[in-house]
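> Dumping the structure here so I can ask a few things about it.
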Amino acid sequence: MSSNNGSANGKLVIISGPSGSGKTTICKELTKDPKVRASISVTTRPPRSQEVDGKDYYFVSEREFERKIKKGFFIEHARYSGTLYGTPRKPLENALEEGLIYLLEIDVQGALQIMGKYPDAISVFILPPGKDVLKKRLAGRNTDKEHDINNRLNIAENELQSSSHYKYRVTNDNLEEAVNEIRNILGFKK
């Protein structure tokens, strides 16, 4: 494996940002391009109402997750807000070998682990336009309780401080502009 964004052919792209920054929506837009493949993370949290196992995440028990750790299944894993998340190793390696752009939507802890293993990865941190907007977006999901929203806001403060570890920072105050900015970073033609 060479140091060219993870492989001689493919590009590894890390997208992070606090909950409510719009990173999932941005990633969905980016994966409309056939050259882009998105990682599907494994998590121990229960699915949200619109999420599908195997499409949005692989939902597993904590016991199953621990088994996968012991087998070396993950390229990285971390606990975020009390829940385990991990990135499967094999799909990443396969996509890079196929010359694809492999998109990892991942929290800061996991991203730092990946950056250590793939120092030439393209790393992008999605910034919300402001804390008020972030809180409004989280509350608008109607999936989290007030306590959870406040916990995520506290985590967001810490994550924002880590944005300096990323090669690029993109403010998502307009979805189309944010997506286009990332497409430009990736060298997409208009």
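Following the working numbering, the numbering of the sequence shown begins with 1 at its first residue and continues without gaps. Cβ coordinates follow ideal geometry from the N, Cα and C atoms, glycine included.
Let me know if Val52 comes out buried or exposed under the rule of 16 or more other beta-carbons within 10 Å of its beta-carbon.
So Val52 counts as exposed.
> Below 7 Å between beta carbons: does that hold for Gly102 and Arg37?
The sequence as given places Tyr at residue 102; Gly does not occur at that position. Yes, the pair counts as a contact, with Cβ atoms nearer than the cut-off.
> Within the stretch 39–78, note down every full alpha helix (DSSP H) run reaching 4 residues or more, in order along the chain.
For the stretch 39–78, whole alpha helix (DSSP H) runs of length 4 or above, ordered along the chain, are 62–70.
> Have a look at Gly17 and Lys71 and give me their C-alpha separation to the nearest angstrom.
For Gly17 and Lys71, the distance between alpha carbons rounds to 29 Å.
> Among residues of its own chain, excluding the 5 on either side of Asp173, which ones have a beta-carbon nearer than 7 Å to its beta-carbon?
Once the five neighbours on either side are set aside, the close Cβ partners of Asp173 are Pro129.
> Counting C-beta neighbours from all protein chains within 10 Å, is the total for Arg67 16 or more, i.e. buried, or is it exposed?
Exposed, by the Cβ-count rule.
> Determine the direct distance from the alpha carbon of Phe73 to that of Leu153, and round the result to whole angstroms.
Approximately 31 Å between the Cα atoms of the pair.
> Let's see if you can read the secondary structure: which residues bound the alpha helix (DSSP H) around Glu181?
Per DSSP, Glu181 belongs to the alpha helix (DSSP H) from 175–185.
> Mapping the DSSP letters down to three states, classify Gly99 as helix, strand or coil.
Looking at Gly99 - three-state DSSP - the assignment turns out to be coil, as it is neither helix nor strand.
> CB-CB under 6 Å to Glu98, same chain, minus the five flanking residues each way: which ones, in chain order?
None.
> How many angstroms separate the CA atom of Arg63 from the CA atom of Asp56?
Rounded to the nearest angstrom, the two C-alpha atoms are 20 Å apart.
> For Leu175, which residues of its own chain have a beta-carbon under 6 Å away from its beta-carbon, when the five flanking residues on both sides are left out?
Cβ within range, chain order: n/a, list empty.
> Just to confirm, is the Cβ distance from Glu105 to Lys23 under 7 Å?
Yes, these two residues count as a Cβ contact at 7 Å.
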